[in-house]
Structures are given as C-alpha cells and as structure tokens.
Amino acid sequence: MSVSQTLTVDLGDQRSYPIFVGQKLLENPDCLVPYIVGKQVCIVTNDTVADLYLKSVESLLADYQVNTVVLPDGESHKSLETVNFIYDCLLENKHNRTTTLVALGGGVVGDMAGYAAATYQRGVNFIQIPTTLLSQVDSSVGGKTGVNHPLGKNMIGAFHQPQCVIIDTDVLQTLPPRELSAGMAEVIKYGLICDKPFYQWIEEHIAGLMSLDEALLVEAIARSCQNKADVVAQDEREAGLRAILNLGHTFGHAIETAQGYGVWLHGEAVAAGMLAALELSSLMGDIPHQEVERLRQLLNNANLPTVLPANMTGEQFLQLMALDKKVLDGRLRLVLVKAIGEAVVTEAASQDQVLQAIANCS
Ligand code: NAD
Ligand code: GLY
Numbered sequence: 416m417s418v419s420q421t422l423t424v425d426l427g428d429q430r431s432y433p434i435f436v437g438q439k440l441l442e443n444p445d446c447l448v449p450y451i452v453g454k455q456v457c458i459v460t461n462d463t464v465a466d467l468y469l470k471s472v473e474s475l476l477a478d479y480q481v482n483t484v485v486l487p488d489g490e491s492h493k494s495l496e497t498v499n500f501i502y503d504c505l506l507e508n509k510h511n512r513t514t515t516l517v518a519l520g521g522g523v524v525g526d527m528a529g530y531a532a533a534t535y536q537r538g539v540n541f542i543q544i545p546t547t548l549l550s551q552v553d554s555s556v557g558g559k560t561g562v563n564h565p566l567g568k569n570m571i572g573a574f575h576q577p578q579c580v581i582i583d584t585d586v587l588q589t590l591p592p593r594e595l596s597a598g599m600a601e602v603i604k605y606g607l608i609c610d611k612p613f614y615q616w617i618e619e620h621i622a623g624l625m626s627l628d629e630a631l632l633v634e635a636i637a638r639s640c641q642n643k644a645d646v647v648a649q650d651e652r653e654a655g656l657r658a659i660l661n662l663g664h665t666f667g668h669a670i671e672t673a674q675g676y677g678v679w680l681h682g683e684a685v686a687a688g689m690l691a692a693l694e695l696s697s698l699m700g701d702i703p704h705q706e707v708e709r710l711r712q713l714l715n716n717a718n719l720p721t722v723l724p725a726n727m728t729g730e731q732f733l734q735l736m737a738l739d740k741k742v743l744d745g746r747l748r749l750v751l752v753k754a755i756g757e758a759v760v761t762e763a764a765s766q767d768q769v770l771q772a773i774a775n776c777s
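Structure representation (structure tokens):
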C-alpha cells in the first residue's frame, strides 16, 4: 500500500504551490508535468544522485527538450563558481524565459538550482525534487535559494518559490544513515519551535523513523512541511516570524564555517546548535533544565551530536555568530524557546550567558 499526502504553501492566488509527499512519486508524471510551462527543461543534479534517480525523472519528460547539469557533490561546491555551470548549460542550449529548472538532489543542489532559476534571465520557473530527508522537510519548501561565500554560509542568495515540490520517500532508502540523522534534526526542530504534540510523537516514534518505516516517514515529512508552510505563508521574506525556523542555526552556521563546509553536516551542526539554544533558554530561566536533557536524549536516539565541537572556543563562536543574517545594527538576535513548541526571536541573551551556554554544551 502506498501512502501519500498533498499540502499547499499558501501564497495567494498566483504563487501558491503544492507539496506532494508519498511513495513512488518519481514514477508519477502527474506531480511533475502539469507544473512545466514551456517546452524546455533543465535538470540540475549531482554525480551521486544522477546515478540513482536521473533516469526515472528523464523518463517522465520524453516530450520536452531536456538538458542535464551534473554538478560535483558536496557542500564545498555550493558556490557561485558551481552555479555558473548551470548558466553555461542554459545558455549553450538556448533556454528561454519559459524554461523550467528541475532540482533533483539534496539541499545543496536545490539551493543552487533555485538560485540559478531566480537569476537566469531575471527569473524562470523551477521545481524541487528533494532527495535527502533534510531537503524534503526544509530546504525544498519556502523559496530560500543561494550559495556560500568563503566568509559566510548562505550569504549570497534570493527568495524564489518553486512551482511544486515532489517528495518521494522511497529515495530515502539509499540515503547514508548519517544523512538521515542530519535530516531528523530539522524534523525535531519543528516540534521544538511550534508543535509540541509533534515533538512528543517524534520521541515515541524515533526508532521506527530511524529504521525507515514508510508510513511514519510520510507522516513526519508531511507534518514538518505543514509546519514550515504555515510559517512561510505568514512571513515569506522573514520580516519576523520566519526566523524561528532558524532555531540552532546561528550556533550551527558558526560550526559549519569554522570546521570547513561539509565537515559537519548542516543537520548535525543544527542539532548541536539547538542543544546550545535550549541550554541558553534554560540559563535565562525560560525552560527547566530537564528539557535540555530531554532533547539530548532525543538527539542521541537519532544518532546526532550532543556536544559542540571541542576545537572551537566561545570567542570563535561569538565572532562567527556576529555574521548571522539575523544580526541587526550589530546586535545578536537568537532563536530561543519559551517552552517546548514555542520559539521566540530575542536579543535578551547577554554575551556572558551565550558564552556560558557554549561552555555547558562543550
Ligand atoms: P546535500 O545536498 O549535500 O546531500 C547530502 C548527501 O546525500 C550528498 O552527498 C548527496 O549527493 C547525497 N544524496 C542526496 N540524496 C540521496 C539519496 N536519495 N540517496 C543517496 N545519497 C543521496 O545535503 P542536505 O542535507 O540535503 O542539504 C544541506 C544544504 O541545504 C545546506 O547547504 C544548507 O545550507 C541547505 N539548506 C537550505 C535551506 C533552505 O531553506 N533553502 C534550509 C535548510 C538547509
Ligand atoms: N531554513 C530556514 C528557512 O527556510 O527560513
């Protein structure tokens, strides 16, 4: 029996789009073909995912001019130089403004294909087919696209919403276990920031989720995407509320930048960062310390890191966290929790409290 759900990112009449979640969707043209406007398609993928899933997607597109860009795999290639390969392919093959880019891969591919779509001829359509758990529950939804700069993660980018998101849970069967864990960090994030019953549900089902139970995965992904879609619908361009989706990310981005892109996986860095954020919330008196231990247990059950990297000092964290996009007029703003399921964006934490939280999690 296959399980599926369809959700909507509600951005009004012209720009709302569906998220399809289920099994065997890569065999189903109905999720893809109606969302292609012109006759040209450019599939953007990487050398790992191409070997696994490119043929399936190409076989759905027999009636189109299809060109494919196979990028080198890895966060270290998430750069403007790599995006240039996509522009090269589009220009060499004379793609016009009605072309559709199809991002087939994890968040790295999705962010770069989305950025290319946002900028090629000032913006063309694109479709997300995310193939990692992390990209299925987070990066493929909501329209943030971009690349890294050597001085900061995701510092170059654009908001550009896809036409649809196709989430086939079968592809998770080939995902390395470390990547599955990294995605689970973002699933856990939704429980912590806005959905306490979901947090309890994840705690109850973490073993089944980690062993790739299909029905549980569809449920966890759909619930995560629904939470994200609700936030994005209220605050598409991150004027305020959307920042809660970055729980753990200010600490996490500092880890990724300090270690070198790709050494810690994004989701691993977010996991350790969420723990630091909860530790800080506890130091500020907002949650009992047992909630920090409860999260540590859940992260442990998802095979995620539960300490910050030993080779980073508090000062180094502060320096890198000052580069965060939430910094306003030089003031660090952090996502913390008032309670499980209730995140807030605040400037209230002092530098000493941040350093103490880092020390307690190191
Ligand atoms: P990733 O794209 O590097 O993919 C992880 C690895 O899994 C890669 O080696 C990839 O080739 C491989 N892979 C992908 N699908 C596979 C499959 N089905 N089977 C086997 N291997 C597979 O990493 P990610 O965790 O998907 O994404 C991380 C990126 O997403 C970061 O750059 C992060 O900044 C970005 N991100 C963006 C947003 C956003 O809103 N745009 C949100 C969260 C994260
Ligand atoms: N991943 C954070 C956001 O999409 O806003």
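Our numbering puts the first residue of the sequence shown at 416, with every later residue one more than the last. Glycine included, each C-beta is placed from N, C-alpha and C at the ideal position.
- Message: Using CA atoms only, rank isn't needed, just tell me which of Arg638, Thr460, Ala658, Ala648 is closest to Glu762.
- Response: Mapped onto the sequence shown, residue 762 falls at position 347. Nearest of Arg638, Thr460, Ala658, Ala648 to Glu762, Cα basis: Ala658.
- Between Leu426 and chain D, is there a C-beta pair that is closer than 8 Å? Looking for chain D here will not work: only one protein chain is present.
- Under 7 Å Cβ to Cβ from Leu447, same chain only, skipping five residues before and after it: list those, please. Taking the first residue of the sequence shown as position 1, residue 447 is located at position 32. Result list for Leu447: Leu475, Ile542, Ile581, in chain order.
- Query: How about Asp466 and Pro487: do their beta carbons lie closer than 8 Å?
  - Reply: Taking the first residue of the sequence shown as position 1, residue 466 is located at position 51. Taking the first residue of the sequence shown as position 1, residue 487 is located at position 72. Pro487 is positioned such that its CB atom lies no closer than 8 Å to that of Asp466.
- Message: Three Cβ pairs or more, each shorter than 8 Å: is that satisfied between the stretch 639–655 and the stretch 664–677?
- Response: Segments in contact, no.
- Query: Taking Ser491 as the reference, which of Ala518, Glu618, Trp679 has the closest Cα?
  - Reply: Here the question's residue 491 lines up with position 76 in the sequence shown. It is Trp679 whose Cα lies nearest to the Cα of Ser491.
- What residue does the alpha helix (DSSP H) around Asn718 start on, and which one ends it? For the purposes of this step, residue 718 is taken as the residue at position 303 of the sequence shown. Run containing Asn718: none; DSSP gives neither H nor E here.
- Query: Roughly how many whole angstroms lie between the Cα atoms of Arg638 and Leu747?
  - Reply: On the sequence shown, residue 638 is found 223 positions in, with the first residue counted as 1. On the sequence shown, residue 747 is found 332 positions in, with the first residue counted as 1. Straight-line spacing of the CA atoms in Arg638 and Leu747 works out to 30 Å.
- Task: Sort Glu671, Ala673, Ala531, Leu698 by Cα distance to His575 and report the nearest one.
- Result: Here residue 575 corresponds to residue number 160 of the sequence shown, with the count starting at 1. Out of Glu671, Ala673, Ala531, Leu698, the CA that lies nearest to the CA of His575 is found in Ala531.
- Label Asn661 either buried or exposed according to how many other C-beta atoms from any shown protein chain fall within 10 Å of its C-beta, with 16 as the threshold for buried. Within the sequence shown, the letter at position 246 stands for residue 661. Asn661 counts as buried, since no fewer than 16 other beta carbons sit within 10 angstroms of its beta carbon.
- What's the C-alpha gap between Ala518 and Val552? Mapped onto the sequence shown, residue 518 falls at position 103. Mapped onto the sequence shown, residue 552 falls at position 137. Rounded to the nearest angstrom, the two C-alpha atoms are 15 Å apart.
- Between the stretch 628–647 and the stretch 605–613, do three or more beta carbon pairs fall short of 8 Å? Verdict: yes, contact present.
- Segments of 3+ residues assigned as beta strand (DSSP E) that fall wholly inside the stretch 449–499: Runs found: 455–461, 480–486.
- Does DSSP classify Glu762 as helix, strand or coil? What you label residue 762 is simply residue 347 of the sequence shown in a count that begins at 1. Three-state DSSP puts Glu762 in coil, outside helix and strand.
- Can you tell me the Cα-Cα spacing of Glu706 and Gly675, whole angstroms? The residue labelled residue 706 in the question sits at position 291 within the sequence shown. The residue labelled residue 675 in the question sits at position 260 within the sequence shown. Whole-angstrom Cα-Cα distance: 31 Å.
- Considering only the beta carbon of each residue, do Val459 and Val484 sit closer than 8 Å? By 1-based counting over the sequence shown, the position of residue 459 is 44. By 1-based counting over the sequence shown, the position of residue 484 is 69. Contact flag set, yes.
- Let me know the alpha helix (DSSP H) ranges lying completely inside the stretch 611–690, each 4 residues or longer, listed in chain order. Listed in chain order, they are 611–625, 629–649, 664–674.
- Measuring from the CB of Ile657, is there a heavy atom of ligand 2 at a distance below 7 Å? In the sequence shown, counting from the first residue as 1, residue 657 sits at position 242. Note that residue 657 is Arg in the sequence shown, not Ile. It does: the Cβ of Arg657 is within 7 Å (strictly closer) of some heavy atom of ligand 2.
- Candidates Val760, Ser555, Glu619, Met625: closest to Gln588 by CA position: The residue labelled residue 588 in the question sits at position 173 within the sequence shown. Closest option to Gln588, Cα to Cα, is Met625.
- Buried or exposed by the 16-neighbour rule on C-beta atoms within 10 Å, applied to Thr423: As a position in the sequence shown, residue 423 is number 8, starting the count at 1. Looking at its Cβ environment, which holds fewer than 16 other Cβ atoms inside 10 Å, Thr423 is exposed.
- Task: Label Ala686 either buried or exposed according to how many other C-beta atoms from any shown protein chain fall within 10 Å of its C-beta, with 16 as the threshold for buried.
- Result: Indexing the sequence shown from 1 puts residue 686 at position 271. Buried is the call here.
- Query: Ser431: buried (16+ other C-beta within 10 angstroms of its C-beta) or exposed?
  - Reply: For this step, residue 431 is matched to residue 16 along the sequence shown. With fewer than 16 other Cβ atoms within 10 Å, it is exposed.
- Message: Measuring straight from C-alpha to C-alpha, what distance separates Glu730 and Arg512?
- Response: For this step, residue 730 is matched to residue 315 along the sequence shown. For this step, residue 512 is matched to residue 97 along the sequence shown. Computed Cα separation, rounded: 47 Å.
- Task: Please list the segments of the beta strand (DSSP E) lying wholly inside the stretch 546–618, counting only runs of 3 or more residues, in order along the chain.
- Result: Runs of the beta strand (DSSP E) inside the stretch 546–618: 559–564, 567–574, 580–583.
- Residue from Pro545, Cys504, Ala754, Gly572 with nearest C-alpha to Val464: Numbered from its first residue, the sequence shown carries residue 464 at position 49. Closest by alpha carbon: Pro545.
- Message: Quick check: Val647 and Gly437, are their CB atoms within less than 8 Å of each other?
- Response: On the sequence shown, residue 647 is found 232 positions in, with the first residue counted as 1. On the sequence shown, residue 437 is found 22 positions in, with the first residue counted as 1. Going by C-beta atoms, Val647 is not nearer than 8 Å to Gly437.
- Message: Suppose the cutoff is 8 Å on Cβ atoms and the five residues either side in sequence are ignored; what does the same chain contact list for Asn499 look like?
- Response: Sequence index remark: in the sequence shown, residue 499 carries index 84 (1-based). Within the same chain, Asn499 has no close Cβ partners at all.
- Item | Reduced DSSP secondary structure (H/G/I, E/B, other) of Gly437 | Against the sequence shown, residue 437 aligns to sequence position 22. Shown here, Gly437 sits in a strand according to DSSP, grouped into three states.
- Item | CB of Leu710 within 8 Å of CB of Leu693, strictly | Stepping through the sequence shown from its first residue, residue 710 is reached at position 295. Stepping through the sequence shown from its first residue, residue 693 is reached at position 278. Yes, Cβ-Cβ distance for Leu710 and Leu693 is below 8 Å.
- Item | Where the beta strand (DSSP E) containing Gln536 begins and where it ends | As a working note, residue 536 is residue 121 in the sequence shown. Note, Gln536: premise wrong, no beta strand (DSSP E); not H, not E.
- Task: Can you have a look at Gly688 and say buried or exposed, based on whether 16 or more other CB atoms are within 10 angstroms of its CB?
- Result: Taking the first residue of the sequence shown as 1, we reach residue 688 at position 273. Buried, because 16 or more other Cβ atoms sit within 10 Å of the Cβ of Gly688.
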